[in-house]
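Per this note's numbering: the sequence shown = residues 710 to 838.
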Amino acid sequence: MDRLEYNVMVLEHFKNPRNAGTLENADAIGQVGNPVCGDMMEISINVKDDRIEDIRFRTFGCASAIATTSMLTEVVKGMKLEEAEKVTWDHAMKSLGGLPKIKIHCSLLAVDGLKAALYHYYKKVGVDR
Ligand code: FES
Numbered sequence: 710m711d712r713l714e715y716n717v718m719v720l721e722h723f724k725n726p727r728n729a730g731t732l733e734n735a736d737a738i739g740q741v742g743n744p745v746c747g748d749m750m751e752i753s754i755n756v757k758d759d760r761i762e763d764i765r766f767r768t769f770g771c772a773s774a775i776a777t778t779s780m781l782t783e784v785v786k787g788m789k790l791e792e793a794e795k796v797t798w799d800h801a802m803k804s805l806g807g808l809p810k811i812k813i814h815c816s817l818l819a820v821d822g823l824k825a826a827l828y829h830y831y832k833k834v835g836v837d838r
């Protein structure tokens, strides 16, 4: 079996994930599944002044999903909601220096989880997006 070639940054985020866990009293929680592999992602956010004040994630997913979501939470923490909405899986993956080709779909799980959390937040506060 071939070994996957993960770069140093991916391995570092996998071994020491940032913002792991769940926010107590989260303003919104997004939960999604990856149709490719069946893995799951949950992202909770707190929002203040239209910015992501705090963010946590839990996943039943692979090393790539953990590393990408860890990086994504760092990228969007403090970001305005409308900017966070525009962050793509490509951006998240490139922020990590890339993923092995067969693991690219894992970065979708991170971004979809964030989008789900934002959707639930907008729904809760009555904003039509
Ligand atoms: Fe499922 Fe990576 S294999 S998220």
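Ideal Cβ placement from N, Cα and C applies to all residues, glycine included. Computed from a predicted structure; not experimentally measured.
1. Can you tell me whether DSSP reads A819 as helix, strand or coil?
2. From the DSSP output, in three-state form, read off M788 for me.
3. Leaving aside the five residues before and after E762 along the sequence, list all residues of the same chain whose C-beta is less than 7 angstroms from its C-beta, in chain order.
4. With A737 as the anchor, note down where its beta strand (DSSP E) starts and where it stops.
5. Check whether the Cβ of S773 lies closer than 6 angstroms to any heavy atom of the ligand FES, and answer yes or no.
6. State buried or exposed for F769, treating a residue as buried only when at least 16 other CB atoms are found within 10 Å of its CB.
7. Under a Cβ-count criterion, where at least 16 other Cβ atoms within 10 Å of its own Cβ denotes burial, should A826 be classed as buried or exposed?
By the coordinates alone:
1. Your numbering for residue 819 matches position 110 in the sequence shown. Correct three-state label for A819: helix.
2. Position 79 of the sequence shown, counted from the start, is the residue given in the question as residue 788. In the structure shown, M788 sits in coil (DSSP, three-state: anything other than H, G, I, E or B).
3. Position 53 of the sequence shown, counting from 1, holds the residue named residue 762. Same-chain partners within the cutoff: N755, V756.
4. Along the sequence shown, one-based indexing puts residue 737 at 28. Taken as a continuous stretch (DSSP letters only), the beta strand (DSSP E) holding A737 covers 737-742.
5. Position 64 of the sequence shown, counted from the start, is the residue given in the question as residue 773. Yes - the ligand FES has a heavy atom lying nearer than 6 angstroms to the Cβ of S773.
6. Counted from its first residue, the sequence shown places residue 769 at position 60. The residue is exposed, with fewer than 16 neighbouring Cβ atoms inside 10 Å.
7. Translated into the one-based positions of the sequence shown, residue 826 becomes position 117. So A826 ends up on the buried side.
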